[in-house]
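One structure is given here, and the rest of the page talks about it.
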Amino acid sequence: MSVAQDIAPGQRAISVETIGMTKVFGNLTALDDVSIKVAPGSFHALLGENGAGKSTLVKCMMGFYQPSGGALLVNESEVSVPNPRAAHAHGIGMVYQHFTLVPSLTAAENLVIARADTPTVIDWKKERKALGAFLETTPFKVPLEVPVSSLSAGEKQKLEILKQLYLDQRFLILDEPTSVLTPDEADEVLGLLRGMTEAGELTILMITHKFREVTAYADDVTVLRRGRLVGSGRVEDLSVEDMSRMMIGETEIRESATRTVQTQKKLKLELAGLFSDDDEELPAIEAISLKIHEGEIFGIAGVSGNGQSELIEVLSGQRTLNDGRIFVDKKPYEPERGQMDMFKVFGFSEEPLKNVAVPRMSVAENMAFRTFDKAPISPFRGWLSPPPMRKQARELIAAYRVKTPSTEEPIENLSGGNVQRAILARELSGEVDILIVANPCFGLDFASVAEIRAQIMDQRNKGAAVLLVSEDLDEILELADTVAVMSEGRITYQSPMAETDRATIGHAMAGHH
Amino acid sequence: MADTTETSGVRMQSGTSFELVDRLRRSSEFFVIPLLALVVSGLLFSAFLLTLGKSPLEFFSLVWRGGFGTSFSWQNTLVRAAPLVFTALCVAIPARLGLVIIGGEGALVLGGFAAASIAIPMVGWAPAFLMLLAMFLAATIAGGVWIGLVGALRHYRGVNETIASLLMFYIAVSILNFFVEGALRDPSDPNKPSTKPIGSENMIGAIPGTDVHWGLLVGILLCIALFLVMNRTTFGFAAQIAGGNLRAAQAHGLPVGKLMVVACMIAGACAGIAGFFEVAAIHGKANASLIAGYGFTGILVSFLARHNPLVIVPVAIFLGGIAASGGLVQRRMDLPDATVLVLQGLLFIIILVSETFYGRFQIFRPKGEAA
Ligand SMILES: Nc1ncnc2c1ncn2[C@@H]1O[C@H](COP(=O)(O)OP(=O)(O)O)[C@@H](O)[C@H]1O
Ligand SMILES: [Mg+2]
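Chains as they are written, first to last, in the working numbering: chain A, 1 to 513; chain B, 1001 to 1371.
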């Protein structure tokens, strides 16, 4: 608790500044001469597309990376941070996108063991008292005596922040802190943090790509693009339009596809009472029943980890069903190859390299996963002919504008957006009756996001029944005709999109229903 | 990252010649890295010999002479290479599915035993070709079922295939011993417990003009056939998907369990054929001589060949040569027979380490591509 004591009480926030920060990985300059100044007690947003260099910048500040050039200033004086511990000693702390708490320990235990000077034998009585006194000084309230695993995502995130405050970090870096929270939880956490910065207790640098959070909570904003600083200023002087222009640059973004009115309402896909377990053999989804019609996008919203991924896995044949039936056109459906072909069921998901592609196989091979056992690639049963496979790939690469050096490139060497485009080409180039999609835009750049959403809308307009599971509420709001919320493995809310709104869905996600 | 909407790479438009160059550039990696591994192993082994006070130069020249120097040593080498080709296939085929099978020796032993067992009641009345056909089928089926079981255990019960196949090797040995020391023992053979001989008139002869039996030729043909199966059939492609990413295979509705079991059965059948030739062309009966370690050296062969059936043949000949030179090395350099095993072991470890280097070297990447 040494650093902060030098500063007057009531004004404990510190300022942090980078000058000409540069980081080179091999032949890629991930960060190019970036200077930002975060004033004490300010709430500073760091905006940028995926891959813009945001994480690299804060990792340089935290001592995870050694910058190739540039300097770091804390309270106006230059410091060196050879490792994260040095950053902590200067009062710089970071809250990661994903939780770092020990789930089986209580909040109190997590806080005490996080300290660098934890004694070998802990005097819990004394520690509890000290903790209690510390908590009095913060606005964050978290139950201290139950295991972290039983806390909600919002409480865990608050505890992560609390941990940094407990370690007396007065400059907090938050890496997309709200991505695992419901809208209500996000507002609560950011509101509390905002209050602390206004009181001069804390300085915040928050990585985000949500403009809503920037305009509502941040004082200043810095925008990175391809490793360069492309804009900065007071948030009040900038419109969302300005900020998004800075982030995207001159890249053309496809306009969002228009939703055509669908007249036919034929039932296409029906899930009837699906039950399945997670990897620990605990119930993951329970009694999932829903109906999706032709030309309908059925969106399932929910905070990550409420059974959505298990549901998708069941539907795509990656997980066994304990009970329940799937019907397509009122006929029982099993996710195996013959039936996928017959009913024209396709799909794609986040992290395609992990879920639906083979990283080491070539682009051409990956594009043939649906077609390799059909003519012309398989001219007769059992045989496989590479030339038509490469021909198909060349056509798809051109049609879907996949950027790859050649059809023979292992797909893992493509950028995230291009991998997803290649998968899209594979899944959407034929006739699609049912489309099962999970977080399709996760981690992708704007151009790809717009493109992918437009493609999903196109399929809907052509009459496909679409199941869209997404943790991104904005994506559901943009695309879905019908929205449902999954919470603890069940569908807890369902409504036509026209009859609901963001706040109602948000409340349902938080479990208020 | 923001430039993703540009049309596909400029190099794309110029068409297939780039694809070919890229393919060559990439595949050179699969040639250079094993070669480097061989060189490193040779150097380390030389250091080992120097600490023993022996000359590495003499050793390698003896290996050359004992393995490849004369037509006699060539034949010795090729005879040893034949079973290695089959047992290497037993590793290479499941490897395509990401399975590491190390119990090919068990399938070889059992295949040889099945071949002998079916032949003995036929001795005396059946024509040679009929007996050999029956033996071949028995060996293929025994080996196929044996390793097929490993695949089934893996897929349906989640049992680790590497451990299962190794443990099943011990079971196979016990089965062999149980019968050759009991019910099927030839009472007239005072030496080793063995089955009765199948009769020299029924044995497979040598390729004319050599001492090398037909097994080598069959092995080469089988390698070509399986290369085509793995690279030019929908089965091979599906196996490659399942081996590369199980979740992707499932998401495309591929019958993963069936693929695993079938690949393991093919693998076991290959090792079983090795057992068939050992009995029908070499020993003329089944006994503990079947447990000669070909199944284990086959693992090394397959890894060195990067599980490519076509590369297996030269690698098997290479390692067959090293094994064939063991006797000469022993006699001339006063080194134990096991010295060549040290070399093999060293090779194996270096090869396994070298596996981690694929994709690490910029030189194998086409220009302008980040590692
Ligand atoms: N450890 C690393 N090695 C090589 N390249 C990296 C590494 N970390 C990040 N990069 C690259 O640097 C660029 C910026 O990445 P990052 O800072 O993670 O972006 P952001 O957080 O803004 O999405 C990306 O192109 C990424 O691939
Ligand atoms: Mg990042």
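A virtual CB, placed ideally from N, CA and C, is assigned to each residue, including glycine.
Considering only heavy atoms of ligand 1, does any lie closer than 7 Å to the CB of B/F1179?
no
Please go through the same chain and pick out, in chain order, the residues whose beta-carbon is closer than 8 Å to the beta-carbon of A/E213, but skip the five residues on each side of it.
A45, T178, A186, L190, M206
Distance cutoff 8 Å, beta carbons only. Does B/S1028 sit that close to anything in chain A?
no
Listed in chain order, which residues of the region 1150-1161 of chain B have Cβ atoms closer than 9 Å to some Cβ of chain A?
none
Neighbourhood of B/R1065 by C-beta distance below 8 Å, restricted to the same chain and skipping five residues each side:
S1073, S1325, L1328
Within the structure, which residues are defined as neighbours of ligand 1 by a Cβ-heavy atom distance below 6 Å, reported in chain order?
A/F25, A/L28, A/A30, A/G48, A/N50, A/G51, A/A52, A/G53, A/K54, A/S55, A/T56
Looking only at its own chain, which residues have a Cβ that is under 8 Å from the Cβ of A/G91, when we skip the five neighbours before and after it?
V3, A4, I14, V74, D168, Q169, R170, F171
If you draw a straight line from the alpha carbon of A/V437 to that of A/I423, how long is it in whole angstroms?
12 Å
Alpha carbon to alpha carbon, what distance is there between B/A1107 and B/T1070?
33 Å
So the alpha helix (DSSP H) A/Q494 belongs to, where does it begin and stop?
Segment 490-496 is the beta strand (DSSP E) holding A/Q494; no alpha helix (DSSP H) there.
Pairwise C-alpha distance: A/R225 and A/M196:
30 Å
Can you grab the Cα-Cα spacing for the pair A/R421 / A/E351, in whole Å?
12 Å
Going by DSSP, what residue range makes up the beta strand (DSSP E) through A/V34?
28-38
Minimum Cβ-Cβ distance from A/P335 to chain B less than 8 Å:
yes
Determine the DSSP secondary structure at B/F1357, reduced to helix, strand or coil.
coil
Determine the direct distance from the alpha carbon of A/L238 to that of B/E1006, and round the result to whole angstroms.
Any reading at B/E1006 needs caution, since the residue's pLDDT is 37, under 50, leaving its predicted position unreliable; the model's value is listed next. Going by the C-alpha atoms only, they are around 29 Å apart.
Beta-carbon contacts of B/S1354 that lie in its chain and below 6 Å, excluding the five residues immediately before and after:
I1033, A1037
Let me know the secondary structure DSSP gives A/M486 once reduced to three states.
Strand, per DSSP.
For the alpha helix (DSSP H) containing A/D458, name the first residue and the last one.
446-461
Take A/Q318 and list the residues in its own chain whose beta-carbon comes closer than 6 Å to its own, dropping the five residues that flank it on each side.
If we look at A/Q318 and ignore the five residues flanking it on each side, it has no Cβ neighbours.
When the Cα of A/Q459 is compared with those of A/V432, A/D474, A/L477, A/V483, which residue comes out closest?
A/V432
Look at the alpha carbon of B/A1002 and the alpha carbon of A/I253, and state the distance between them as a whole number of angstroms.
Note that B/A1002 scores a pLDDT of 38, beneath 50, so its modelled location is shaky; the value from the coordinates is reported in the next line. Going from the Cα of B/A1002 to the Cα of A/I253 covers about 10 Å.
Can you pull the chain B residues whose beta carbon is under 9 Å from the beta carbon of A/D373, in chain order?
T1234, F1237, A1238
Which of helix, strand or coil does DSSP assign to B/L1024?
helix
Please confirm if the region 22-37 of chain A is in contact with the region 46-59 of chain A, defined as three or more CB-CB distances below 8 Å between the two stretches.
Contact between the region 22-37 of chain A and the region 46-59 of chain A is present: 3 or more CB-CB pairs across the two stretches fall below 8 Å.
Is the Cβ of A/F99 closer than 8 Å to any Cβ of chain B?
no
Determine, for A/R370, whether the minimum Cβ-Cβ distance to residues of chain B falls below 8 Å.
yes
Could you round the C-beta distance between B/G1320 and B/A1081 to whole angstroms and report it? I think they count as a contact, below 8 Å.
3 Å
Could you please give the first and the last residue of the uninterrupted beta strand (DSSP E) stretch that includes A/M21?
16-25
My output table needs one value for B/P1056: the three-state DSSP class, helix, strand or coil.
Helix.
Taking a contact to mean a Cβ-Cβ separation below 8 Å, would you say A/M497 touches A/D481 in this structure?
yes
With the cut-off set at 8 Å, would you say B/I1312 and B/A1088 are in Cβ contact?
Contact annotation: B/I1312 and B/A1088 have beta-carbon atoms nearer than 8 Å.
Since B/L1050 contacts B/G1275 with CB under 8 Å, what's their CB separation in whole angstroms?
Not really, about 40 Å apart at Cβ, beyond 8 Å.
Would B/S1200 pass as a contact of B/G1284 if the rule is Cβ separation under 8 Å?
yes
Does the beta carbon of B/A1251 sit closer than 8 Å to a beta carbon anywhere in chain A?
Judged by the 8 Å Cβ criterion, B/A1251 is in contact with chain A.
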